[in-house]
Structures are given as structure tokens and as C-alpha cells.
Amino acid sequence: MIKKFFNNYFRIAENNSDIKTEVLAGITNYFTIIYLVILVPEVIMNAFPGAIDSSGDLVGNFIIENGLTANEMLIALTAAAFIAAGLGSIFFGFVINMPFVQGPSLAIVTFVTYTTCVGFGYSYNQALAIVFISGICFFILSILGVEKKIQDAIPKNIKYAVTAGIGLFIAFTGLQKAHIINYIGINNINIFDITDIANKYTVEALLAIAGVILITVLLKRHIHGAIFIGKIICIIAAFPLGLIKNIDFEKFNYSFNMDKVFMKMDFTGLIDFTSKGTVINSVVIVVAMVFSICIMDIFETMGMLIATDSFDKISKDAYVKKRISKILEIDAITTCFGSSIGTTSVSTYIESTTGIIEGGRTGMTAVVTGALFLVSVFFTPFVSIIPSAATATTLIMAGVLMMNIIKLIDFEDPAKAVPAFFTMILMPLTNSLLVGISFGVISYILIHIFLGKRFKLNRMLYILGILFLVLLIMTPK
4 MIKKFFNNYF
14 RIAENNSDIK
24 TEVLAGITNY
34 FTIIYLVILV
44 PEVIMNAFPG
54 AIDSSGDLVG
64 NFIIENGLTA
74 NEMLIALTAA
84 AFIAAGLGSI
94 FFGFVINMPF
104 VQGPSLAIVT
114 FVTYTTCVGF
124 GYSYNQALAI
134 VFISGICFFI
144 LSILGVEKKI
154 QDAIPKNIKY
164 AVTAGIGLFI
174 AFTGLQKAHI
184 INYIGINNIN
194 IFDITDIANK
204 YTVEALLAIA
214 GVILITVLLK
224 RHIHGAIFIG
234 KIICIIAAFP
244 LGLIKNIDFE
254 KFNYSFNMDK
264 VFMKMDFTGL
274 IDFTSKGTVI
284 NSVVIVVAMV
294 FSICIMDIFE
304 TMGMLIATDS
314 FDKISKDAYV
324 KKRISKILEI
334 DAITTCFGSS
344 IGTTSVSTYI
354 ESTTGIIEGG
364 RTGMTAVVTG
374 ALFLVSVFFT
384 PFVSIIPSAA
394 TATTLIMAGV
404 LMMNIIKLID
414 FEDPAKAVPA
424 FFTMILMPLT
434 NSLLVGISFG
444 VISYILIHIF
454 LGKRFKLNRM
464 LYILGILFLV
474 LLIMTPK
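4 is the number of the first residue of the sequence shown in our numbering; add one for each residue after it.
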């Protein structure tokens, strides 16, 4: 009966597939993508002042403003990420009937953490409110077709450079967290001391490097779930190396404290009503943040389409491009849902292509992956023992994989290459995604104006340029 339901609902036979293939594709997606879902809450922890010490380690017993310890918050955020990925994927599979998996966006969560929270000083709950608003705006833009105009206005090189720049940013963060590189003073960066084996940070750096090498070998040998497997091995190796000590087993009581993150969006503190000037200032910042998140969500969906272009069976038979508006609407809905349960923007993962490679052709693939994510919720307490070296390994490899898109950038044309370069390089160097994106868009506009091509630029791009210029001026220095 169940088998017949799945066959009929997902039209599996019509898509030249079978239930066994769809299930295996879903499992493949799960082990490929799980590292991203676990990584998202680890990045978010940087949004809580005091939760991460100067060396990049989680201060587990630090009490966050909502009364949770850093460990408890990490567990709650991880549970929220799994729930968002699980329900988002299942919803997507049933509504769109395509083998794409959803989950919290690593790119957007990095933007929210380091730009919205660390850069502009918003609390995480206020950031969730901004994400929620962005979801609503994104849904409206999708219905009105405005997202298509934004998509057409932004040059492809800038889109690719944003993804590559975020990859550099994430990898750079991983190198710091593993203590492979360390700040000496304010601006000087130094490599770790490989001769000081007795130093804990040297051990962490060596473990992270070994983990990256191991994952690289596994990827090269086409082992499914290579990054997840490498992370697990790093965690296991951390025990005998003395990097995991004094485990508090009380954390494993499966109490996720979800009430501390569920429906905790803080809208009240978004606008500063101190004076007319502060009201205008805060409104501009919020609008710019919402718009930036919407644009990044569009980038991610476009990236997914670029990735699936190489799969003729999917791009032709499933009519991906004809369903783009529907996909964006689903992204907007799941983003609102994600922020309401405590995580940031939910979008469609490009990594879903691994399931497609395994033969997944229908929404059943996404449903299987989503179900596995929901089951994973019960194992979230274990994330609190993950050492920095293992987290850093994941960050570095995620950055490397995101850099893959750099091959699509046209470096032959200086007018396109320079803005793309600014976008990529300034993200890690200024510790701000916003600065990179702003410089990329603004420099692209200025270069083409001086080349006498100002009338060839899309009007929407000028609007984006002005918005990014204002936000760049208002960015805390």
C-alpha cells in the first residue's frame, strides 16, 4: 500500500526510477549534506558575545543572555537546524516533486553571524527577526517576479565571486579555529609552531591538517559522506590526543531546550527610536540587511540551477527552470519557518546533485533525506563534544568546495575580473561579507560608467549599487 502510494504520488516510474534508487539517493544526500547542517549552528555560536574565546574555542559553561549555557545553545541550535532541514526537504519533495534537499544556508548564516550580529551589533534574536522579514519579502518578490529582475541585473561574475568569496571567508575562519594560523598583535598573522608538540594548539593544527588530507583522499576516491566521515575520525582521534576532556554526561539527557529558541524573534529592538536620525539610520540598515539576505538566497538558488544544468535528465524532464518561481517561493516559506524555530534562512542545497548522480529523480529522494535529518535530532547532544580541530576541518573543506565556482569567472575581461576579485578578496581580509559584495557591485558599476557603457547596465543594478554604498558607509568601522 505504502509502496503504491509513493509510486503514484511521485510518479517514480514515469521518471525512469524506482523506490530502491530513490531511497539510496536520499541516503547518499544525507551523508553528503549532514556536515553542512551540523556546521551551521557552530558558525552561529559566534553571534553570542563571550561564547567563543579569543582562541576560537567554545566556552561551554558560558551563560548566554537567554539563560542557556553555550553548550546547551549549541545543542538547541543543532536540533533546530536538523528540524528545519528535515521538514524543509520533506515539504519540498512533496510540493515540487524534485530530488532537491533543503536546509539552513551556510552562506547566509555566515552573513547573519558576522555582519548582522558581530558587525552591526544586533542580537541573534533580532537577527532571526530580520531573517523572518526577509522570508516574507522574498515570498512577495517571488510572486511579483521581482526576483527575476534582480537575478538578471546582477552580473554572473559577481554571483560566482560571492560564492567563492564566502568560501575563502569560511576557510580562513577554519584556519584560525584550528590554530593553523594565529594573529600576532592586531594585524600580523603567523603560522603555528610545528616544533612545539606539547602545545595544545599545535596538536589541534596538526589534527586539522591530517583531517583535511584524509577528507581529500576520501573525496578523490568518491567515498560518499567523505567530509562527515573525516569529521567523525577527527573527533575519535581527539580523545587520545587529549583534546576532549571532562565530558559532562548530563548534557546527553536529550533535553534540547527548544523553548529557548522557538518563536524567539525579537522585532522590538530593530528600530532605534532615540531620535529621528537613529530611526532613519536603523530603518536603512534593516532594509539593507533584508535585501542582502534576499539577494544571497537568489544567488544560492541560481547556483543550484547552474549545478543541475549538467544533468540533462533533470534539467529537461523535471523542468527545473520552469519551476524556478515555485522553488523560490518554497525557499521563502521555509526561511520563515526556519527563523521561527531558531535557525536562519533555509534554502535549496547545491549538494543535492550527489543524490541526482546516484539516480534520484523525484521528490521521494528529498523526503528520504528529510526523514533522516529528523531522526538525527535525537543525537544532537553529541555535538557539544566536537573539538575545534574537527569543526575547523569541516570549515576548511566547505570553503574549498565553494571555491569550485571560481572556474566560471571570466578573468579574461578586466572589467569583469576586477569587481569579482574585489568581491572575493575583501571578504576574508575585512572579515565582512558585506564589504566584499558592496565593493564588487559598486566597482562594476563605476568601471562600466567610465567605459561609456552606463546605459547598458540594468537599472536594478544601480539601485543595488546605491543601497550597498549607503550600507557600506554605515558599516561599523
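Backbone N, C-alpha and C fix where the C-beta goes; we use that ideal spot for every residue, glycine too. As the structure is a prediction and not an experimental result, all values here were calculated from the model.
Are residue i and residue j close, meaning C-beta to C-beta below 9 angstroms?
i, j, result
"Y127", "I47", "yes"
"M35", "H182", "One point to set straight first is that residue 35 is Thr, not Met, in the sequence displayed. No, these two residues do not count as a Cβ contact at 9 angstroms."
"C237", "T396", "yes"
"Y447", "P107", "no"
"P44", "I359", "no"
"I184", "T383", "no"
"A489", "G443", "Outside the displayed range of the chain (4 to 480) lies residue 489, so it cannot be described from this structure."
"T433", "I161", "no"
"V371", "G29", "yes"
"G362", "T24", "yes"
"L429", "G168", "yes"
"F376", "I86", "yes"
"I146", "E415", "no"
"A156", "L474", "no"
Mapping the DSSP letters down to three states, classify residue i as helix, strand or coil.
i, result
"L273", "coil"
"G443", "helix"
"P102", "coil"
"I93", "helix"
"I476", "helix"
"S350", "strand"
"L464", "helix"
"I55", "strand"
"L61", "strand"
"N44", "Per the sequence shown, residue 44 should be read as Pro rather than Asn. Helix."
"K6", "helix"
"T24", "helix"
"T72", "strand"
"I66", "strand"
Cutting at 7 angstroms between CB atoms, please list the residues of its own chain near residue i, excluding the five before and the five after it.
i, result
"T119", "Y125, A130, I133, M292"
"I330", "I99, T304, T351"
"I67", "F51, A54, A73, M76"
"G468", "V444, I445, I448"
Pull up the distance between the alpha-carbon of residue i and that of residue j, whole angstroms please.
i, j, result
"T356", "N284", "42 angstroms"
"I399", "F175", "7 angstroms"
"A374", "M266", "23 angstroms"
"T198", "E207", "13 angstroms"
"R364", "N18", "6 angstroms"
"L42", "F195", "24 angstroms"
"S137", "I336", "10 angstroms"
"K456", "E354", "37 angstroms"
"G170", "A420", "18 angstroms"
"A369", "V115", "26 angstroms"
"M4", "V104", "26 angstroms"
"S313", "A88", "Residue placement at S313 is poorly supported in this model, since its pLDDT is 45, which falls under 50; the coordinates still yield a value, given next. Approximately 25 angstroms, taken between the alpha carbons."
"Y12", "I37", "27 angstroms"
"I218", "V403", "12 angstroms"
"Q179", "F381", "31 angstroms"
"A211", "I476", "38 angstroms"
"G177", "F97", "36 angstroms"
"M405", "N32", "17 angstroms"
"I452", "I408", "27 angstroms"
"G70", "D56", "19 angstroms"
"F135", "D269", "10 angstroms"
"V287", "S295", "12 angstroms"
"R462", "I450", "16 angstroms"
"N10", "I93", "16 angstroms"
"I230", "V215", "9 angstroms"
"M299", "V290", "14 angstroms"
"N202", "A16", "59 angstroms"
"L222", "K234", "13 angstroms"
"K279", "L273", "15 angstroms"
Taking 8 angstroms as the limit between beta carbons, can you name the residues of its chain near residue i, skipping five residues before and five after?
i, result
"L472", "S441, I445"
"C297", "S137, C140, F141, L144, E150, I153"
"A84", "V40, I41, V43, P44, G106, P107, T346"
"V112", "V43, V46, I47, T346, T347, S348"
"A241", "L210, I247, P390, A392, A393"
Residues in the same chain with beta-carbon distance under 6 angstroms from residue i, minus the five sequence neighbours each way, listed in chain order, please.
i, result
"A401", "I173"
"D275", "T281, S285"
"P417", "none"
"S343", "M266"
"Y117", "none"
Contact criterion: CB-CB distance below 9 angstroms. Does residue i meet it with respect to chain B?
i, result
"V206", "Of the protein chains in the structure, only one exists, and it is not chain B."
inquiry  = Just to confirm the assignment: which complete beta strand (DSSP E) runs, minimum length 3, are found wholly within the region 153-218?
reply    = Taking only runs of at least 3 residues, the beta strand (DSSP E) segments lying wholly in the region 153-218 are 184-187, 191-194.
ask   = Taking only runs of the beta strand (DSSP E) that begin and end inside the region 384-452, which ones reach a length of at least 3 residues, in chain order?
value = Taking only runs of at least 3 residues, no beta strand (DSSP E) segment lies wholly in the region 384-452.
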